[in-house]
Every structure is written in structure tokens, then in C-alpha cells.
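Report on the following structure.
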């Protein structure tokens with residue numbers, strides 16, 4: 090539970106020191122973004138190890154889980170090749186994480202707890218970054234929120250498709266996709282209010298809110314309800 | 090069985106009234122297109138309810154089924170972000186339909202029969218619209234027909250992948266993909282013959298033909314045959 | 090085992106005759122590329138026949154397996170519609186092969202052996218062509234190698250997703266993806282050394298190396314090891 094206070098502390102610190110807030114927020118967002126790539130590549134490596142896959146599978150799943158959401162986002166926005174391909178840092182982090190956790194098996198409990206926190210913050214960050222990019226590309230609020238959500242949960246969906254698992258966003262879950270949607274919605278709302286040039290501050294704030302919601306819903310076991318059983322009987326005839 | 094006569098009636102009406110036929114056809118095509126989004130989001134919600142999924146799953150499947158085909162089409166054509174993201178009507182219809190049928194369970198038989206008809210007309214519309222867009226983007230006839238077919242069946246394939254079902258286009262089916270291909274082929278053929286500016290009339294005609302073929306093949310149980318058992322024995326040695 | 094010597098012979102021949110080497114290499118690469126489309130569409134048809142699918146499924150799987158990798162590559166590079174849609178030769182070969190092997194069942198052993206060789210050479214060719222395109226689009230070496238690998242194995246992954254099989258690149262395999270990565274890496278390395286205008290010669294060389302590695306690893310049963318069992322015990326507490 091240390092990442093939220095830390096992130097807030099960083100923001101407070103740069104304001105106190107008179108540092109360029111938007112630039113510093115941009116840096117923090119980039120670090121959170123890359124931490125998210127590493128956390129998701131690690132989580133994919135746990136699944137690859139369970140199935141006794143070889144190195145290629147670790148790499149494929151690491152890239153799919155860590156970079157898949159952003160690649161889908163950039164492919165849909167059509168403003169040039171995905172940032173995952175043009176900025177070598179992304180691919181290096183995804184592949185490097187996959188190689189490290191192919192070689193090393195981690196079992197300590199505090200480690201997985203830490204990864205869960207990083208994953209939650211990354212979920213919020215990805216939702217916020219995706220929505221921000223969509224807004225800057227001129228999309229309406231609703232599609233921008235969708236694109237933020239896709240950015241955040243897309244990598245996990247591709248990973249689950251490759252592993253032939255039911256995608257993690259389908260039920261039985263705490264507010265996973267919902268947290269990403271919340272972060273994306275905060276960005277879309279805040280963009281209308283924040284002064285120009287403060288986009289990265291908005292993203293950071295939204296990431297913290299989304300990540301916090303994800304962690305709280307996990308700890309408290311909050312879930313969305315299943316489909317309601319209200320039945321609309323039109324002329325009363327039942328089908329099957 | 091009322092949508093075909095209705096659509097034809099609309100065309101007849103605008104001709105009789107001396108209204109701008111291409112513009113009116115364009116409007117009819119747009120309405121059929123959005124009706125198709127709603128019909129496919131509804132059909133996805135039936136599958137989501139069977140599996141007792143939560144609201145997020147209803148939304149994900151509604152968007153995938155209703156907008157997936159068009160998003161694949163626009164991503165491949167690379168003429169800017171998909172229309173599903175730039176025209177908020179598409180996303181609103183898909184999400185709105187998913188929310189409504191998350192809250193309400195419909196059991197009446199005539200309702201599902203009506204949805205089947207709308208789905209068939211939408212299949213033809215999507216095949217025709219996709220082929221039209223491809224032709225206007227300068228693609229050759231064969232790729233244009235492929236793209237029309239992908240537009241029509243792509244959403245259902247993505248939905249089935251997410252649900253880990255055998256895609257509906259693979260066998261055991263009436264002429265589903267075939268009807269979309271027929272609509273796309275009519276557009277490609279008609280474009281060579283129709284006067285300029287009448288693209289939307291062509292699309293409407295092709296949608297009616299494709300949708301009609303889909304409905305007739307369903308009622309009569311028409312299917313494509315399985316792979317033939319003609320064996321080419323080269324030197325007569327069998328493999329395994 | 091005749092395609093490698095043949096390809097080398099062709100290169101030798103054009104050099105001996107004083108023919109324009111880059112142009113001739115480009116032609117050879119195009120032929121290998123299209124042979125790969127046919128080989129993959131054939132291999133997909135074998136799977137479709139096993140499942141007693143109809144013609145539509147043969148066509149869908151043939152297109153997915155034969156053209157999927159290149160379509161993903163071109164979609165990510167975002168330099169216009171995929172070559173599989175703009176050059177009708179690709180779609181014609183994929184669909185034509187699917188139709189032929191829907192009608193005809195081939196059982197001879199030498200035939201499948203020949204297809205395996207073509208498939209290996211195609212794997213190398215696709216890896217090399219994909220990396221070359223990525224380099225020309227200005228990507229860094231690492232993303233270029235990734236994109237070459239995706240080009241080579243992407244079609245098979247889409248095919249396996251549609252068939253709900255574990256993707257062929259995940260373990261239990263000889264050096265399949267690894268051979269494609271090797272071909273892509275050769276291109277990236279050679280591009281730094283080769284004189285300008287000799288890109289297609291580089292691709293041909295890389296394709297032969299990648300294809301050769303694929304065949305040799307198949308014959309000798311070379312595999313990558315499973316994930317190591319080195320455990321990092323941090324404070325010694327085990328999870329689960």
C-alpha cells in the first residue's frame with residue numbers, strides 16, 4: 090500500500106521545489122507505464138511457467154500482456170506505428186522481464202503482493218494514458234473512455250486468448266475493467282477543466298484514482314452484480 | 090418478415106416523391122447499419138446471460154459483436170480511426186443495447202424471430218457497406234469482396250473467440266458468411282454498372298439480396314457441403 | 090530437400106549471367122513469399138478437413154494462415170492497406186489453394202514432406218521480409234526483429250486461435266519461431282553491412298538461413314528448454 094502515498098509525495102515534492110510540474114508528471118507517468126509493462130510481463134511468466142512453456146512462449150506472452158493493449162490502442166488511432174514499436178524502451182522492458190522470470194522463479198509472498206500493487210497502478214495509468222491519447226486525437230468522450238479501457242485490459246485479453254482461458258474481464262472479478270474505465274473517465278472530465286499543458290498531471294491524478302479503486306475493490310471483494318433476472322414478458326410466451 | 094418489404098417500400102416512396110434517391114438510400118443504409126449493431130449486441134447479451142456474466146462482459150461482448158467487424162475493416166483500410174470510434178452513434182447504440190438487455194431479459198418468441206430478421210438484413214448491409222468502402226479506397230474486386238465479408242462476420246468471430254466457442258462461420262451453419270459474400274459481390278459488380286453518385290442505392294440493393302439469401306437459407310436449411318472425399322492418390326502411399 | 094539448392098542455384102545463375110542481382114533476388118523473394126502463402130493455406134486445409142468443415146471454413150482458415158502474419162505486420166506499420174489486400178496475387182493464391190484442397194484430398198507422403206520444406210523456407214522468407222519492411226519504415230533493430238517474427242508466425246497463431254488449439258509457437262515444438270527470429274536478425278545485421286540497393290539479396294540470404302535452421306532443427310529434434318527450476322527464495326516464504 091505504499092505506491093499511492095509515494096506517487097502523491099512525488100507530486101507534492103515537485104510542486105514544493107518549484108519544478109516544472111507537467112514535465113515531472115510526464116516522467117512519473119512514463120515510469121508507471123513501463124512498470125506496468127514489467128508487472129504484466131511478470132504475471133504472464135507465472136502463467137507460462139505453470140504450463141511448462143519454453144522461452145519463446147515466455148517472450149510471446151510477455152509482449153502480448155505487456156504491450157498488447159497499447160498496440161491495439163495505437164492501431165485503432167492510426168497515427169503511425171504503435172509506440173511499443175517506435176520507443177525501444179517498451180519492448181526491452183517486456184522482453185527483459187520475460188527472460189528474467191524464465192530464468193528465475195520467485196515464490197516470496199511479499200513479492201507477489203508488490204506486483205499486485207504495481208499492476209493496479211499500471212491499470213489506472215494505462216486507462217488514463219489511453220483516454221488522453223484518444224482525446225488528443227480528437228475523439229469524442231465516449232470513444233475516448235472506451236479506448237482507455239481497451240488500452241488497460243487489452244493486453245490481458247490477448248494473453249488469455251493465447252492461453253485459451255476465459256478472459257479475466259469476464260465476471261468472477263473485482264472491479265478490474267471498471268477501474269480502468271474510471272481512470273479514463275477522470276481524464277476525459279478533467280481535460281475539460283484543467284489548464285492547457287497540464288495533461289500529464291491529469292493523467293497522473295486519474296491513474297492514482299483508477300489504481301486506488303482497483304486495490305480497494307480487491308481488498309474488499311467488491312464485484313459487479315450478475316445480469317438481473319427481471320423478465321420482460323411480452324405476450325407471455327416463453328422461448329425454449 | 091416485415092423489414093424487406095418496408096425497406097423496399099421506403100425506396101419506392103422516395104422515388105415516387107421525387108426525393109434525392111442517393112441521399113435517402115444513404116440514410117436507409119445508416120439506419121440498417123445501426124440496427125445491425127443493436128441486433129448483434131442483443132444476440133451477444135443472450136450469450137452473456139447464459140454464462141451469468143456481469144455488466145462489463147455484456148458491454149465488452151456488445152462492442153465486440155456489434156462493432157468488431159467494422160473496426161477490423163477500418164483498421165485494414167487505414168484511412169483514419171474506425172468510424173465506430175469517430176461517430177459516437179455506433180458506440181452509443183452498442184453500449185446502450187448491452188445495458189438494456191443486461192437489465193431486461195426478453196423471452197417472447199416473436200421478439201427473437203424479429204431479431205433474426207434484423208440480423209440477416211444487417212449481415213447483408215455490413216457485407217455491402219464493407220465492400221463499398223473497399224472499392225472507394227481503390228481495392229481490387231477480390232480483396233473488396235473479402236473485406237465486405239470480414240465486415241459482416243468479423244464481429245461474430247471476435248465474440249466467439251472471447252467466449253471460446255467455435256466461430257459461427259465454421260460449418261454447421263446455414264449460408265451465413267456466404268450471404269455476406271453475396272452482398273459484397275453484388276456491390277462490386279453493380280459499381281461497374283451504376284451511374285456515379287448511386288453508391289448508396291447499390292449498397293441498399295446488395296443488402297436486401299444478401300439479407301434475403303440469409304433468411305431463405307435459414308428457413309430452408311440450405312448448407313454448404315463438407316469437404317469432398319475425392320482422394321488424390323499419388324503413387325498410392327497413404328500418410329498415417 | 091530440393092528448394093534450398095534450387096534457390097542457391099538461381100542466385101548463382103543470375104550472377105553468372107550478369108543479370109541485375111537485386112531485381113532477380115526480389116523476384117525470387119516474391120515467389121518464395123507466395124509459395125509460403127500456398128503452403129500455409131494447404132496446411133490449414135488439412136486441419137479444416139480433419140474437423141469436417143465446409144468451404145467457407147477452408148477459405149477463412151486459408152486466408153488467416155496464409156495472409157494473417159503479413160496483415161498484422163502491415164497493420165502495425167501503418168503505411169497503407171496490407172499488401173495482402175492491394176496485391177491481388179496474395180489473396181488469389183490463398184483462396185485458390187483453399188479451394189483446390191477442399192476438392193482434393195492428398196495423402197502421398199512425399200507431398201507432405203515437400204510442403205514441410207516449402208513451409209520452412211517460407212518461414213525464413215516471412216521473417217526476413219517482415220524485418221526488412223520494418224527497417225525501411227525506420228524501426229529500431231529490436232522492434233524490427235519482433236515484427237519479422239510476427240510476420241512469420243502470426244498467421245499460424247490466428248489459425249490456431251480460430252481452431253481453439255494451443256498456438257503452435259508455445260512449446261512442444263522444434264525451433265519454429267526461433268528460426269523466423271534468426272532470419273529477421275540476419276536482415277537487421279546485414280542491412281548495416283550490405284551496399285544500398287541489395288536489400289532483396291539480404292532478404293534471400295536470411296530466408297535461406299532461417300529456413301535451413303527450421304529444417305535442421307526439425308530433423309534433429311532440437312528444442313528450447315522449458316523454464317528453469319532455479320528458485321529465488323526471498324526470505325524463504327513460499328506462496329501457496
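Chains as they are written, first to last, in the numbering used here: chain A, 90 to 329; chain B, 90 to 329; chain C, 90 to 329.
Backbone N, C-alpha and C define an ideal beta-carbon position, used for all residues, glycine too.
Note that this is a predicted model, so its numbers are computed, not measured.
Report task. Measure from the C-beta of residue 232(B) to each C-beta in chain A and report whether the shortest distance is under 8 Å. Result -> no
Report task. In the DSSP assignment, find the alpha helix (DSSP H) that holds residue 309(B) and state where it starts and stops. Result -> 288 to 309
Report task. Please classify residue 225(C): is it buried, with 16 or more other beta-carbons within 10 angstroms of its beta-carbon, or exposed? Result -> Result: exposed.
Report task. Please list, in chain order, all residues of the same chain as residue 208(B) whose beta carbon is under 6 Å from its beta carbon, the five residues on each side excluded. Result -> 128
Query raised in the report: Taking only beta-carbon atoms, is residue 167(A) less than 8 Å away from chain B?
Result: yes
Query - Span separating the alpha-carbon of residue 351(C) from that of residue 246(C) - result: Only positions 90 to 329 of chain C appear in the structure, and residue 351(C) is not among them; the question remains open.
**Report entry** Test: residue 277(A) CB closer than 8 Å to a CB of chain B
**Finding:** no
Report task. Using a Cβ-Cβ cut-off of 8 Å, state whether residue 226(B) counts as contacting chain C. Result -> Closer than 8 Å: yes.
**Report entry** Minimum Cβ-Cβ distance from residue 253(C) to chain A less than 8 Å
**Finding:** yes
Query raised in the report: What residues in its chain sit with their C-beta under 7 Å from that of residue 144(B), if we drop five residues either side in the sequence?
Result: 191
Query raised in the report: Going by Cα to Cα distance, which pick from 171(B), 142(B), 276(B) is closest to residue 298(B)?
Result: 276(B)
Query - Exposure label - residue 232(C); buried when at least 16 CB within 10 Å - result: In this structure residue 232(C) is buried. Its beta-carbon is surrounded by 16 or more other beta-carbon atoms within 10 angstroms.
Report task. At 9 Å on the CB atoms, spell out the chain B contacts of residue 211(C), in chain order. Result -> Within 9 Å Cβ-Cβ: nothing; residue 211(C) doesn't reach chain B, min ~20 Å.
Requested in this report: Within the same chain, show all residues whose beta-carbon is closer than 8 Å to that of residue 172(A), passing over the 5 residues directly before and after it, in chain order.
Outcome: 159, 163, 179
Query raised in the report: Nearest chain A C-beta to residue 330(B) closer than 8 Å, yes or no?
Result: The requested residue 330(B) is not part of the displayed model; chain B covers only 90 to 329.
Query raised in the report: Exposed or buried, which one is residue 122(B) when buried takes at least 16 other CB atoms within 10 Å?
Result: buried
Requested in this report: Over the uninterrupted alpha helix (DSSP H) stretch that includes residue 111(A), give me the two end residues.
Outcome: 110 to 139 is the extent of the alpha helix (DSSP H) around residue 111(A).
Query raised in the report: Between which two residues does the alpha helix (DSSP H) harbouring residue 223(A) extend?
Result: 198 to 225
Query raised in the report: Is residue 314(A) helix, strand or coil when you go by DSSP?
Result: coil
Query raised in the report: Got a sec? Which residues, its chain only, sit under 6 Å from residue 274(A) by beta carbon, not counting five neighbours each side?
Result: 234
Report task. Drop a sphere of 10 angstroms on the beta-carbon of residue 215(C), count the other beta-carbons inside from all chains shown, and report buried for 16 or more, exposed for fewer. Result -> buried
Requested in this report: Just the chain C side, please: which residues come within less than 7 Å of residue 256(B) by C-beta, in chain order?
Outcome: 251
**Report entry** Residues that residue 236(B) contacts on chain C, provided the C-beta gap is smaller than 8 Å
**Finding:** 174
**Report entry** Cutoff 8 Å: residue 132(B) Cβ touching any chain A Cβ
**Finding:** no
Report task. Could you list the residues in the segment 144 to 160 of chain C with a C-beta less than 8 Å from some C-beta on chain B, going in chain order? Result -> Result list: 144, 145, 146, 147, 149, 152, 160.
Query - Any C-beta of chain B under 8 Å from that of residue 214(A) - result: It does not: the Cβ of residue 214(A) has no partner Cβ on chain B nearer than 8 Å.
Query raised in the report: Whose C-beta lies closer than 6 Å to the C-beta of residue 289(C) among residues of the same chain, with five residues either side of it excluded?
Result: Close CB contacts of residue 289(C) within its chain, under the 6 Å cut and outside five residues either way in sequence, are with 111, 114, 115, 118 (chain order).
**Report entry** Listed by chain order, chain B residues near residue 284(C) by CB distance under 7 Å
**Finding:** Residues of chain B passing the Cβ test: none, with the nearest at roughly 32 Å.
Query raised in the report: Taking 8 Å as the CB-CB cut-off, is residue 217(C) touching chain A?
Result: The beta-carbon of residue 217(C) is placed no less than 8 Å from the nearest beta-carbon of chain A.
Query raised in the report: Helix, strand or coil: how does DSSP classify residue 254(B) here?
Result: Residue 254(B) carries a coil assignment under DSSP once its states are collapsed to helix, strand and coil.
Query raised in the report: With respect to the alpha helix (DSSP H) encompassing residue 169(B), which residues constitute its N-terminal and C-terminal limits?
Result: Neither: residue 169(B) is in no alpha helix (DSSP H) and is coded neither H nor E.
Query raised in the report: Where residue 293(B) and residue 154(B) are concerned, what is the direct C-alpha to C-alpha distance, given to the nearest angstrom?
Result: 22 Å
Query raised in the report: When the distance is taken between beta carbons, is residue 147(A) closer than 8 Å to residue 146(B)?
Result: Taking 8 Å as the Cβ cut-off, residue 146(B) and residue 147(A) do not qualify as a contacting pair.
Report task. Within 10 angstroms of the Cβ of residue 249(C), are there 16 or more other Cβ atoms? Answer buried if so, exposed if not. Result -> buried
Query - Per-residue DSSP class, three states only, for residue 249(C) - result: helix
Query raised in the report: For residue 143(B), which of helix, strand or coil comes out of DSSP?
Result: In the displayed model, residue 143(B) falls within a strand according to three-state DSSP.
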